[in-house]
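S.K.:
Numbering (the working numbering), first residue to last: 50 to 417.
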């Protein structure tokens, strides 16, 4: 079990679940039907369902702990993730068995309907991954981010379809790797990097030209593989689709939740992307920042002067420089002003145990 200070939220592995534990997050089946809602007490049948679904664990609440805020949009996002991971798993496994992915284009169309035409930022929450389901959950999240970015970049529907399909398939070959290597993204040895590159190329070869998929997908995937694993072979000018995939892939990898690993925060990810304009196209990074909520009103943060604070206003020109209320001195910091930013910056976001951004809506109401 794990817990976090000030938030009595506990992650319990599936084998350690007990009848009567209160759920902190909803459970859906593969058709998106709500099986257990937040605050429901899990039954013996529910514990068996969790194991049958392949869930590795659940977040539960202490007996007297109130529910943390979770918006309708967040719950809908989680429902969509649950349904689509099941569907994507079937499609990717079919390709690995040399079968037609019969429903992949329908999955692409459904995702674009949901995320391919939005004009507002969304809450992009991560889900916990095991080595066995990492490829499916990562592919789905990269596809969602790619749909968001491609819309901001002004892509046509045909181009959006290609980037989403490519996102679905970009790590297909990793299913041939040992589970422990599928989600390993940092500190790879040269030998491991070679294994991953060979697996990814073999996955691209599995995609038959006879499949009913956008014509440019295989070429896109090969170019992406070169950028990621064989940069000496990559062309100087990569396509805009590949630029999107590189940014979306990096952001999801960097913020992913894996067992036994501490995820980087969204602020860490932004700084990482902005530090490498040679690798992560600045325009695509900006489109990503304009698509997802990171430092928005109500978010709790740590400041470099050791204060904890509350974001009161976003900064659309530089998301790392919002307006923040410092709790210790009850002082307002407009980080958009150079004179203030020279003295105080955002150190990081405060997170809940289930890796959602910690928000304080009650205190926000006091100051808005």
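Just so it is clear, CB atoms sit at the ideal spot from N, CA and C, and this is done for glycine as well.
(1) So residue 377 and residue 356 are supposed to be a Cβ contact under 8 Å. How far apart are they, rounded?
(2) Where does the unbroken alpha helix (DSSP H) through residue 300 begin, and where does it stop?
(3) What number of angstroms, rounded off, separates the C-alpha of residue 162 from the C-alpha of residue 193?
(4) How about residue 175 and residue 299: are their beta carbons less than 8 Å apart?
(5) With a floor of 3 residues, list each beta strand (DSSP E) that falls wholly inside the segment 315-391, ordered by position along the chain.
(6) Is residue 148 a contact residue of the ligand NAD, with contact defined as CB to any heavy atom under 7 Å?
(7) Within a Cβ cutoff of 8 Å, which residues of the same chain sit near residue 367, ignoring the five residues on either side of it in sequence?
(8) Cα-Cα, which of 206, 211, 153 and 136 is closest to residue 182?
(9) Work out the CA separation of residue 99 and residue 59 for me, nearest whole Å.
(10) Given this structure, state the Cα-to-Cα distance separating residue 222 from residue 278, to the nearest angstrom.
(11) Determine the closest residue to residue 319 out of 307, 301 and 310, with distance taken between C-alpha atoms.
(12) How long is the line joining the alpha carbons of residue 393 and residue 296, rounded to whole angstroms?
(13) From 134, 360 and 285, pick the residue whose C-alpha is nearest to that of residue 102; which is it?
(14) Quick check on residue 71: does DSSP put it in helix, strand or coil?
(15) Quick check on this structure: which residue in 189, 66 and 109 has the alpha carbon closest to the alpha carbon of residue 126?
(16) At the level of alpha carbons, what is the spacing between residue 272 and residue 213?
(17) Pop quiz: residue 132 and residue 79 are said to be a contact at Cβ under 8 Å. What is the actual Cβ separation, rounded to whole angstroms?
(18) Does residue 190 come out as helix, strand or coil in the three-state DSSP assignment?
(19) Checking the sheet assignment: what are the DSSP bridge partners for residue 178?
(20) Between the segment 313-332 and the segment 226-234, do three or more beta carbon pairs fall short of 8 Å?
(21) Out of curiosity, what's the CA-to-CA distance linking residue 352 and residue 170?
(22) What span of residues does the beta strand (DSSP E) with residue 110 cover, start to end?
(23) Give the DSSP bridge partners of residue 171, in chain order.
(24) For residue 274 and residue 250, I'd like the C-alpha separation in whole angstroms.
(25) Which residue from 124, 167, 244 and 186 puts its Cα closest to that of residue 140?
(26) Under the rule that 16 or more other beta-carbon atoms within 10 Å means buried, what is residue 157, buried or exposed?
(27) Going by DSSP, what residues sit across from residue 85 in a beta bridge?
(28) Three or more C-beta pairs under 8 Å: does that hold for the segment 141-153 against the segment 90-99?
(29) If we call anything under 8 Å between Cβ atoms a contact, is residue 245 one with residue 219?
(30) Looking at residue 361: is its Cβ nearer than 8 Å to the Cβ of residue 350?
(31) Tell me where the alpha helix (DSSP H) around residue 236 begins and ends.
(32) On a CA-only basis, which of 87, 89, 88 and 110 is nearest residue 42? Give me that one, please.
(33) Tell me whether residue 408 sits in a helix, a strand or coil according to DSSP, three-state version.
(34) Using the Cα positions of residue 210 and residue 159, report the straight-line distance between them to the nearest angstrom.
M.R.: On the basis of the coordinates in this document:
(1) With a Cβ gap of about 5 Å, residue 377 and residue 356 count as contacting.
(2) DSSP places residue 300 in the uninterrupted alpha helix (DSSP H) bounded by 289-304.
(3) In this structure, the alpha-carbon of residue 162 lies about 11 Å from that of residue 193.
(4) Their beta carbons are not under 8 Å apart, which means residue 175 does not touch residue 299 by this criterion.
(5) As summarised for the segment 315-391, the continuous beta strand (DSSP E) elements at least 3 residues long and confined to that stretch are 349-352, 357-362, 372-375 and 380-383, given in chain order.
(6) Among the ligands in the structure shown, none appear at all, so the ligand NAD cannot be discussed.
(7) Same-chain partners within the cutoff: 385.
(8) Distances from the alpha-carbon of residue 182 to those of 206, 211, 153 and 136 put 136 closest.
(9) About 16 Å.
(10) Rounded to whole angstroms, residue 222 and residue 278 show a C-alpha spacing of 14 Å.
(11) Nearest option by C-alpha distance: 301.
(12) Between residue 393 and residue 296, the C-alpha separation is close to 28 Å.
(13) Cα-wise, what sits closest to residue 102 is 134.
(14) Of the three classes helix, strand and coil, the one that applies to residue 71 here is strand, per DSSP.
(15) A check of alpha carbon separations from residue 126 across 189, 66 and 109 identifies 189 as the nearest.
(16) Straight-line spacing of the CA atoms in residue 272 and residue 213 works out to 15 Å.
(17) Between residue 132 and residue 79, the beta carbon gap of about 6 Å places them in contact (Cβ cut-off 8 Å).
(18) Helix, per DSSP.
(19) DSSP output for residue 178 lists 307 as bridge partner(s).
(20) Flag = no, the segment 313-332 and the segment 226-234 do not touch.
(21) Near 24 Å, if we compare the C-alpha coordinates of residue 170 and residue 352.
(22) Per DSSP, residue 110 is one residue of the beta strand (DSSP E) stretching across 106-110.
(23) Partner(s): 341.
(24) About 7 Å.
(25) Nearest neighbour of residue 140 by Cα position, chosen from 124, 167, 244 and 186, turns out to be 186.
(26) Around the CB of residue 157, 16 or more other CB atoms lie within 10 Å, so the residue is classed as buried.
(27) Beta-bridge pairing links residue 85 to 76.
(28) Contact fails between the segment 141-153 and the segment 90-99, because fewer than three Cβ pairs, one in each stretch, are under 8 Å apart.
(29) The answer is no: Cβ separation not under 8 Å.
(30) Judged by their CB atoms, residue 361 and residue 350 are not nearer to each other than the 8 Å cut-off.
(31) Element bounds for residue 236: n/a, residue is neither H nor E.
(32) This structure does not reach residue 42, given that the chain is present from 50 up to 417, and the question cannot be answered.
(33) Legend: pLDDT at residue 408 = 48, less than 50; position of this residue unreliable, value from coordinates given subsequently. In the structure shown, residue 408 sits in a strand (DSSP, three-state: E or B).
(34) The alpha-carbon atoms of residue 210 and residue 159 are separated by roughly 11 Å.
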